[in-house]
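To start, the structure under review is shown below, and the notes come after it.
Numbering (my numbering), first residue to last: 15 to 430.
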């Protein structure tokens, strides 16, 4: 049976495509998406970033695919059985220390978002029976690293990965080799991710929420600012960020030196301005420190750099302070990322997105991206969500594959 999706549902963009093809590859269930990205300007359809994900997962699970061309508004993805002669996704390589690793390459072919490709591929890498778990895995991504409407490399490094390490109990690390931008001259960047996957039966249950939501949120133990801006803007960032953070978080001036850290990097072009703030906050009880992020890749008409940096500092500080004050254990971007992990978990998981400002009895609803992911997970694999952050996962155990022994043959070939 083919599970059908209307590509205009909820967010009606790439989130639906990425979530659906990842779960299809993981579970072996065939899907069809009509009116792909139907709510997007310009008519929607598949873009380079989506096709990269489709083709990588196609090779990884021997899928038969129809509609896999740029601009296509219909996509069919039917996972198959492992077959001899299938072009391998994985190759053998050596790390700098001489250790043998298994690696793969994910190339967008443009400055399209690498981090959104990671969103579609990573759950498959972590939990599929068709992925080797005996060696360190290296994922090589090339494309955009700091581009609009997607997570930045800094967010992945400073917020997403620490959270996933806590949830999955796996070692994961990323390394940036070159930035990819769409602002200014388009450039293609490159980063690598290395992980040591565990032999997990399924994603562990996790709870990112306070024991008592009425308990006052604890003060952050660290607030980290990363500013990737033209050189002329660095001093303004260093001068203005700390007092803005002090005021928003009611931090005594004597504590700011140890609490706030600011790093600046030359963006290489006057039109490239990016700031991210990340707060590290003790949980309740205090056995875990969660991360909240707020960022801005400047997207307005640039009248003056001083004005732009001032607006950015005000915007990211207020955004981070608002999320912290709400009691949230996950920020709005992280909530989107965790839906698929909740749906695959071995039981009930809960995340807390905070309360609505001025009403501690009302919880922040999931945004359209999260609602889209929840809908796909519910329709395709039967995970259930209550709309307030709780999900009953399906305890994914892997797919049945009559030719799965061929995977072992291929892995032996890599190691020969």
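Each residue gets a CB set at the ideal place from its N, CA and C atoms; glycine is no exception.
Contacting residues, own chain, Cβ-Cβ under 6 Å from residue i (five flanking each side not counted)
{"i": "residue 243", "result": "281 and 287"}
{"i": "residue 469", "result": "Any property of residue 469 remains undetermined from this structure, which presents the chain solely from 15 to 430."}
Residue i, enclosing beta strand (DSSP E) - first and last residue
{"i": "residue 157", "result": "150-157"}
{"i": "residue 90", "result": "88-92"}
{"i": "residue 310", "result": "303-311"}
{"i": "residue 18", "result": "16-20"}
{"i": "residue 49", "result": "Run containing residue 49: none; DSSP gives neither H nor E here."}
Where the alpha helix (DSSP H) through residue i begins and ends
{"i": "residue 393", "result": "382-395"}
{"i": "residue 338", "result": "319-339"}
{"i": "residue 84", "result": "Where residue 84 is concerned, there is no enclosing alpha helix (DSSP H), given that its DSSP letter is neither H nor E."}
{"i": "residue 40", "result": "28-41"}
{"i": "residue 179", "result": "175-182"}
{"i": "residue 258", "result": "248-263"}
{"i": "residue 356", "result": "346-358"}
{"i": "residue 66", "result": "62-75"}
Where residue i falls: helix, strand or coil (DSSP)
{"i": "residue 128", "result": "helix"}
{"i": "residue 99", "result": "Confidence is the limiting factor: at residue 99 the pLDDT is only 40, short of 50, which leaves the residue's position unreliable and the question unanswerable from this model."}
{"i": "residue 209", "result": "strand"}
{"i": "residue 285", "result": "coil"}
{"i": "residue 268", "result": "helix"}
{"i": "residue 402", "result": "coil"}
{"i": "residue 123", "result": "coil"}
{"i": "residue 365", "result": "strand"}
{"i": "residue 245", "result": "helix"}
{"i": "residue 24", "result": "coil"}
{"i": "residue 413", "result": "Confidence is the limiting factor: at residue 413 the pLDDT is only 48, short of 50, which leaves the residue's position unreliable and the question unanswerable from this model."}
Inter-residue Cα distance where the pair is residue i and residue j
{"i": "residue 267", "j": "residue 348", "result": "31 Å"}
{"i": "residue 98", "j": "residue 146", "result": "Residue placement at residue 98 is poorly supported in this model, since its pLDDT is 43, which falls under 50; the coordinates are not used for a value here."}
{"i": "residue 61", "j": "residue 84", "result": "6 Å"}
{"i": "residue 185", "j": "residue 174", "result": "13 Å"}
{"i": "residue 247", "j": "residue 106", "result": "44 Å"}
{"i": "residue 65", "j": "residue 132", "result": "13 Å"}
{"i": "residue 116", "j": "residue 327", "result": "41 Å"}
{"i": "residue 197", "j": "residue 355", "result": "32 Å"}
{"i": "residue 345", "j": "residue 254", "result": "24 Å"}
{"i": "residue 390", "j": "residue 368", "result": "24 Å"}
{"i": "residue 232", "j": "residue 388", "result": "30 Å"}
{"i": "residue 269", "j": "residue 364", "result": "33 Å"}
{"i": "residue 211", "j": "residue 319", "result": "44 Å"}
{"i": "residue 57", "j": "residue 382", "result": "19 Å"}
Which residues DSSP lists as bridging residue i, in chain order
{"i": "residue 160", "result": "195"}
{"i": "residue 275", "result": "238"}
{"i": "residue 296", "result": "303"}
{"i": "residue 168", "result": "Looking at the DSSP assignment, residue 168 forms no beta bridge with any residue, so it has no partner."}
{"i": "residue 186", "result": "209"}
{"i": "residue 315", "result": "Its beta-bridge partners do not exist; DSSP assigns none."}
Close-in-space but distant-in-sequence residues of the same chain around residue i (CB under 7 Å, 5 per side omitted)
{"i": "residue 92", "result": "44, 77 and 78"}
{"i": "residue 316", "result": "285 and 322"}
{"i": "residue 192", "result": "203 and 204"}
Cβ shell of residue i (< 8 Å), same chain only, five flanking positions each side left out
{"i": "residue 166", "result": "129, 159, 160, 288, 290, 309 and 311"}
{"i": "residue 218", "result": "181, 182, 183, 359 and 360"}
{"i": "residue 164", "result": "127, 129, 130 and 158"}
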